[in-house]
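To start, the structure itself, in structure tokens.
In my numbering, the protein residues as written are 1 to 91.
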């Protein structure tokens, strides 16, 4: 019985453990905001913990956790100001 309880609790908690480790790891390579047209931005709908990684100038990847899963969305700066988001779907 103890083995079944331990096995079940491991699978329930492993998602939370993975997310905590992932959050700490990508925090070192990312920023808390991104820059488009000389203005710094955050995307509020992604949550306060979202992080941004520059792909190329004016192109970023936003990394965030939602429903216990890590998600990535592409962020492209518009020439006339602002930005556009494109979700990246996993294959």
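C-beta atoms are modelled at their ideal positions from N, C-alpha and C, and glycine is treated no differently.
Span of the beta strand (DSSP E) around residue i
i, result
"residue 55", "51-56"
"residue 69", "69-77"
"residue 92", "Missing from the structure shown is residue 92; the chain here goes from 1 to 91 and no further."
Bridge partner(s) assigned by DSSP for residue i
i, result
"residue 59", "56, 76"
"residue 31", "52"
"residue 65", "70"
Cutoff 8 Å; reference residue i; Cβ partners in own chain excluding five residues on either side
i, result
"residue 33", "40, 41, 42, 52"
Separation of residue j from residue i, as counted between CA atoms
i, j, result
"residue 44", "residue 70", "17 Å"
"residue 30", "residue 72", "13 Å"
7 Å CB neighbourhood of residue i in its chain, flanking five on each side removed
i, result
"residue 37", "77, 81"
Buried versus exposed call for residue i [16 or more other C-beta atoms within 10 Å across all chains shown]
i, result
"residue 60", "buried"
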